[in-house]
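According to the numbering used here, the sequence shown is numbered sequentially starting from 70.
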Amino acid sequence: MSLDERIARADERGLAASGLACLDRCLPLLDGDEELLRPLWGSLAAGSDWAGPLEEARSALGAGDGEHEEAARLVRQMLDTVPAERTAEAVRPWAESCSAASLRVHRLLDPAAEGEPDDAGAPSPLVAAELRRQLTVLELLEGHGKHGLRRALDVSGEGRRVLRAVVSRRARGVPETGA
Numbered sequence: 070m071s072l073d074e075r076i077a078r079a080d081e082r083g084l085a086a087s088g089l090a091c092l093d094r095c096l097p098l099l100d101g102d103e104e105l106l107r108p109l110w111g112s113l114a115a116g117s118d119w120a121g122p123l124e125e126a127r128s129a130l131g132a133g134d135g136e137h138e139e140a141a142r143l144v145r146q147m148l149d150t151v152p153a154e155r156t157a158e159a160v161r162p163w164a165e166s167c168s169a170a171s172l173r174v175h176r177l178l179d180p181a182a183e184g185e186p187d188d189a190g191a192p193s194p195l196v197a198a199e200l201r202r203q204l205t206v207l208e209l210l211e212g213h214g215k216h217g218l219r220r221a222l223d224v225s226g227e228g229r230r231v232l233r234a235v236v237s238r239r240a241r242g243v244p245e246t247g248a
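Here's what the structure looks like:
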């Protein structure tokens with residue numbers, strides 16, 4: 070099943086987790102503490118309102134990494150457009166846009182993709198890994214509901230560490246070896 074099909078089938082919790090996981094994985098571009106989004110994950114698990122933790126996250130994060138301006142702008146936009154109301158109708162367009170933005174961020178940062186048009190054949194290694202993570206998060210929530218959130222958070226953390234390493238290597242001028 071494709072990513073678009075998985076998103077189309079996802080319920081409110083799956084959509085919210087999908088968008089939140091994309092944002093979480095891209096957090097290194099906003100110099101965000103990896104625990105910053107934890108209260109949002111907690112509210113998702115509890116089924117409680119996430120407006121308070123959302124405002125805290127928005128105010129805690131700046132504009133981001135000047136070296137990767139376009140990628141940081143996309144991540145900030147993901148955060149700024151999180152819907153306050155967590156209904157399937159409100160969250161679906163956000164989850165879809167987060168998916169696309171996250172894939173674009175990974176493409177912008179993948180040295181294997183440099184100089185290639187966005188619609189070139191097979192995805193670059195970093196983009197392919199992000200696509201797998203997005204599918205995994207949606208599969209976990211579809212198959213395990215609320216109980217899949219813990220594993221989705223783990224998958225997100227793994228992706229965040231990969232992206233943090235990519236950003237760090239690029240800052241030091243070290244060539245990439247893959248995702």
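By construction, the Cβ of each residue, glycine as well, lies at the ideal position given by its N, Cα and C atoms.
These numbers come from a predicted model, not from an experiment.
From R176, V160, S71 and P97, residue whose alpha carbon lies closest to that of E227: Sequence index remark: in the sequence shown, residue 227 carries index 158 (1-based). The option with the nearest alpha carbon to E227 is P97.
Separation of S193 from P152, as counted between CA atoms: Indexing the sequence shown from 1 puts residue 152 at position 83. Indexing the sequence shown from 1 puts residue 193 at position 124. Take the alpha-carbon of P152 and the one of S193: they are about 31 angstroms apart.
Reference S128, options L148, W119 and A141, closest by Cα: As a first step, residue 128 must be located in the sequence shown, where it is residue number 59. Nearest in C-alpha terms to S128, of all of L148, W119 and A141, is L148.
CA nearest to the CA of D102, picked from S112, L204, V206 and A126: In the sequence shown, the residue the question calls residue 102 occupies position 33. The residue with the shortest Cα to Cα distance from D102 is A126.
T156, buried or exposed, once every other Cβ within 10 Å from all chains shown has been counted against 16: For this step, residue 156 is matched to residue 87 along the sequence shown. For T156, the number of other beta carbons within 10 angstroms of its own is below 16, and it is reported as exposed.
Among R219, R142, R241 and G121, the one whose alpha carbon lies nearest that of S87: Counting from one through the sequence shown, the residue named residue 87 turns up at place 18. Per the Cα distances, R219.
CA-to-CA distance, V144 to R78, given in whole angstroms: As a position in the sequence shown, residue 78 is number 9, starting the count at 1. As a position in the sequence shown, residue 144 is number 75, starting the count at 1. Straight-line measurement puts the Cα of V144 at about 25 angstroms from the Cα of R78.
Any C-beta of chain D under 9 angstroms from that of V196: Given the protein chain composition of this structure (a single chain), no chain D is represented.
Reference D93, options E136, E154 and R107, closest by Cα: Here residue 93 is taken as the residue at index 24 of the sequence shown, counted from 1. Measuring from the Cα of D93, the nearest candidate turns out to be R107.
Segment contact, 8 angstroms Cβ cut-off, at least three pairs: the segment 171-178 with the segment 192-212: The answer is yes - the segment 192-212 touches the segment 171-178, with three or more Cβ pairs under 8 angstroms.
Other residues of its chain near G131: CB distance less than 8 angstroms, five sequence neighbours each side excluded: Position 62 of the sequence shown, counted from the start, is the residue given in the question as residue 131. Counting only Cβ-Cβ distances below 8 angstroms, and skipping sequence neighbours, we find L99 and D100.
Beta strand (DSSP E) segments (min. 3 residues) lying fully within the segment 99-167: Counting whole runs of 3 or more residues, the segment 99-167 contains no beta strand (DSSP E) stretch at all.
Where the alpha helix (DSSP H) containing S87 begins and where it ends: Along the sequence shown, read from residue 1 onward, the residue named residue 87 stands at position 18. It spans E81 to C95 - the alpha helix (DSSP H) in which S87 sits, taken as one unbroken run.
Distance CB(E208)-CB(I76) smaller than 9 angstroms: Against the sequence shown, residue 208 aligns to sequence position 139. Against the sequence shown, residue 76 aligns to sequence position 7. Cβ distance not < 9 angstroms, so E208 and I76 don't count as in contact.
Beta-carbon spacing of L204, L72 below 9 angstroms: Numbered from 1 along the sequence shown, position 135 holds the residue referred to as residue 204. Numbered from 1 along the sequence shown, position 3 holds the residue referred to as residue 72. Closer than 9 angstroms, so yes.
Same chain, Cβ closer than 6 angstroms to R233, five either side skipped, listed in chain order: Against the sequence shown, residue 233 aligns to sequence position 164. Excluding sequence positions up to five before and after R233, its CB lies within less than 6 angstroms of the CB of P97, all in the same chain and listed in chain order.
Selection from E139, A191 and A159 that minimises the alpha carbon distance to A170: Position 101 of the sequence shown, counted from the start, is the residue given in the question as residue 170. Comparing alpha-carbon positions, the option among E139, A191 and A159 lying closest to A170 turns out to be E139.
Euclidean distance between Cα positions of L210 and A240: Here the question's residue 210 lines up with position 141 in the sequence shown. Here the question's residue 240 lines up with position 171 in the sequence shown. Here the C-alpha atom of L210 lies approximately 35 angstroms from the C-alpha atom of A240.
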